[in-house]
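Read in the UniProt record's numbering, the sequence shown has 110 at position 110, and its numbers run on one by one without any break.
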Amino acid sequence: MIGQLHSLVIDAPDAHALAGFYAELLGMEVKGSPGDDWVVVTGAGYRIAFQQAPDLQPPDWPDPERPQQFHLDVRVADVDEAEPKVLALGARRLPGSGGDFRVYADPIGHPFCLVWDA
1 MIGQLHSLVI DAPDAHALAG FYAELLGMEV KGSPGDDWVV VTGAGYRIAF QQAPDLQPPD
61 WPDPERPQQF HLDVRVADVD EAEPKVLALG ARRLPGSGGD FRVYADPIGH PFCLVWDA
C-alpha cells in the first residue's frame with residue numbers, strides 16, 4: 001500500500017450548495033460556508049470535498065463528450081517517498097502543488113492528488 005484515500009473531490013459551480021445536497025442525502029455535516037471555494041461534508045468516517053468551479057461544464061453521462069468528473073486525494077505519510085512509487089505505477093506529475101498536496105494524472109489522465117499533513 002502506498003497511501004490511503006483521504007477525500008473524494010467534486011467540482012461544482014456552487015460548492016456549498018452541492019455539499020448541502022450530499023450532506024442531506026447522506027446524513028453528513030457540512031464544514032464550510034456559502035462563498036467558500038472548498039467545502040467538506042463529513043460523517044460516519046467518510047469525507048467528500050466540493051471545490052468551486054464556476055465555469056464547470058457538468059457531466060452528461062453517458063455522453064463521452066461530457067464524461068463523469070472527479071479527482072481523488074490520497075493521504076501519504078511522506079510525499080517524497082510516495083511520489084516515485086506512483087510514477088512507477090504509471091502516473092505522471094501535473095502542474096499544481098501546495099504546502100500539503102501535489103497533483104498527478106493516472107495512466108489515462110484522471111487527476112488525483114497526494115496529500116499529507118504539512
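Glycine included, C-beta positions come from ideal geometry on N, C-alpha and C.
Remember, it's a predicted structure, so these values are computed and weren't measured experimentally.
Reference residue i, options the options, closest by Cα
| i | options | result |
| --- | --- | --- |
| tryptophan 116 | Ile108, Asp106, Phe101, Ala105 | Phe101 |
| proline 54 | Ala19, Glu81, Asp14 | Asp14 |
| proline 95 | Ala82, Leu114, Ala88 | Leu114 |
Simplified DSSP state of residue i, which is helix, strand or coil
| i | result |
| --- | --- |
| histidine 16 | helix |
| glutamate 65 | coil |
| leucine 114 | strand |
| leucine 26 | helix |
| phenylalanine 70 | coil |
Extent of the continuous alpha helix (DSSP H) to which residue i belongs
| i | result |
| --- | --- |
| aspartate 80 | 79 to 88 |
Under 7 Å between C-beta atoms of residue i and residue j
| i | j | result |
| --- | --- | --- |
| glutamine 52 | aspartate 37 | yes |
| glycine 3 | alanine 82 | yes |
| valine 41 | alanine 19 | yes |
Residue i - containing beta strand (DSSP E), residue span
| i | result |
| --- | --- |
| aspartate 100 | No beta strand (DSSP E) contains aspartate 100, which DSSP labels as neither H nor E. |
| valine 76 | Segment: none, valine 76 is in no beta strand (DSSP E) and carries neither H nor E. |
| valine 52 | In the sequence on display, residue 52 carries glutamine and not valine. Taken as a continuous stretch (DSSP letters only), the beta strand (DSSP E) holding glutamine 52 covers 46 to 52. |
Minimum Cβ-Cβ distance from residue i to chain D less than 7 Å
| i | result |
| --- | --- |
| aspartate 63 | Included in the structure is just one protein chain, with no chain D present. |
(request) State whether the region 58 to 78 contacts the region 4 to 12, with contact taken as three or more CB pairs (one from each stretch) at a distance under 8 Å. (result) Contact check between the region 58 to 78 and the region 4 to 12: three or more CB pairs, one atom from each, fall below 8 Å, which counts as touching.
Closer than 8 Å is the cut-off here; do at least three beta carbon pairs connect the region 71 to 90 with the region 105 to 114? Enough Cβ pairs lie closer than 8 Å, so yes.
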